[in-house]
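**Q** Each residue of the sequence shown is one higher than the last, beginning at 8 in the numbering used here. Glycine is no exception: its CB is placed at the ideal position from the N, C-alpha and C atoms. Just so it is clear, the structure is predicted and the values come from calculations on it, not from any experiment.
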Amino acid sequence: MDKPSRSEKTQPGNPHELTIRQHVYPAKSIGRFVGAGGVDLLDWKNGKRRKARPNDSMFCADRAWSHGAEQGFMKQIEDCFQQLTDDVLAEGQFRTSPARQHTITEFFALWGTRAHRRQLASQTLETSGTPRVAYTRDELENLEKNNIIGFRADGSIAARDIAAPVIRLNIDRVVADMAGHSWGLLTASEGEFCVPDAPHRPIVPITPTLAFMLNGLSGPVTGRFVSLLNAAQRQWAKDYVFARDLSACPGIDLAVHGD
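1. How many Å lie between LEU261 and TRP51 at the Cα?
2. So for PHE249, helix, strand or coil by DSSP?
3. Between the alpha carbons of GLU98 and ALA116, how many angstroms are there, rounded?
4. Between GLY20 and chain D, is there a C-beta pair that is closer than 8 Å?
5. Can at least three beta-carbon pairs, one atom from the stretch 182-198 and one from the stretch 73-93, be found at a separation below 8 Å?
6. Should ALA128 go down as buried or exposed, given a rule of 16 or more other Cβ atoms within 10 Å for buried?
7. With three or more beta-carbon pairs closer than 8 Å as the criterion, would you say the stretch 17-33 touches the stretch 141-160?
8. Whole angstroms is fine: what's the gap from ASN177's alpha carbon to ALA170's?
9. With a threshold of 7 Å on Cβ separation, who are the neighbours of ALA195 within its own chain once the five nearest residues in sequence on each side are excluded?
10. Opposite GLN29 in the DSSP bridges: which residues?
11. Short of 8 Å in beta carbon distance, which residues of its chain neighbour ASP246, apart from the five on each side in sequence? Order them along the chain.
12. Along the chain, where does the alpha helix (DSSP H) containing MET81 start, and where does it finish?
13. With DSSP collapsed to three states, give me the class of ASP50.
See below:
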């Protein structure tokens, strides 16, 4: 990907309350890994291991997709997954159903697609044969607030407005590709799970000791198995992994010099 562009700023004070900082992996999900001072973050991008709160910029994109997408279909997917996670934690087990399987798959697809598209090479896209309307900045922001794409005086549109349907289509493709496969809930009998910057493997950690895994059988797994999963997560992560306590995660090389 080309060098990412600087995100487009809103008007001073953000009068239309547009979402600016957009979590790739939800803040509520990160919060389940918070220990003393935050989560334990291995940040290769900046060459350090540090504590981070769920709203840390490392976990967020800046206006990489539209406000309507963030508050619309993305929120709907997140809300369903968070409710499922809360129910699983309250029940103390994972009672599977087609609806629950779909919820996990959609969330997995959302997480992966947002991670892949968290940076825009350009903030606008040139178009041809489209209306050229001299909307004010305030009018453009009001259109975005109402999930409407606004063409600019030069015929261009905001790249984040196009990113949103692309993300939606990719989620649908991943869900279709994963049809017929089922998620199981792994319980670490030793050690803890880490969370990577993007789900390069079909694993969705939900607490330090619980993780959904595609085609996995629900039940306890050994520390050796946790180590293998963590090592794979670390190997494919690009910028970071985090956990409640990385020292409790077998299979994680704590070096911060990068890949």
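**A** For this structure:
1. Taking the first residue of the sequence shown as 1, we reach residue 261 at position 254. Taking the first residue of the sequence shown as 1, we reach residue 51 at position 44. For LEU261 and TRP51, the distance between alpha carbons rounds to 10 Å.
2. On the sequence shown, position 242 is the one that residue 249 refers to. Here PHE249 sits in strand by DSSP.
3. In the sequence shown, counting from the first residue as 1, residue 98 sits at position 91. In the sequence shown, counting from the first residue as 1, residue 116 sits at position 109. Roughly 25 Å between the two C-alpha positions.
4. Of the protein chains in this structure there is only one, and it is not chain D.
5. no
6. As a first step, residue 128 is located in the sequence shown; it is residue number 121 there, counting from the start. ALA128 is exposed by the Cβ-count criterion.
7. yes
8. For this step, residue 177 is matched to residue 170 along the sequence shown. For this step, residue 170 is matched to residue 163 along the sequence shown. Looking at the two C-alpha atoms, the distance is approximately 10 Å.
9. Walking along the sequence shown from the start, residue 195 turns up at place 188. Hits under 7 Å: THR216, VAL228, VAL233.
10. For the purposes of this step, residue 29 is taken as residue 22 along the sequence shown, with counting starting at 1. According to DSSP, which records beta bridges pairwise, GLN29 is partnered with ALA68.
11. In the sequence shown, counting from the first residue as 1, residue 246 sits at position 239. Hits under 8 Å: ASP50, TRP51, LYS52, MET65, ASP204.
12. One-based indexing of the sequence shown puts residue 81 at position 74. 80-98 is the span of the alpha helix (DSSP H), which, as asked, contains MET81.
13. Locating residue 50 in the sequence shown gives position 43, counting from the first residue. Three-state result, ASP50: strand.
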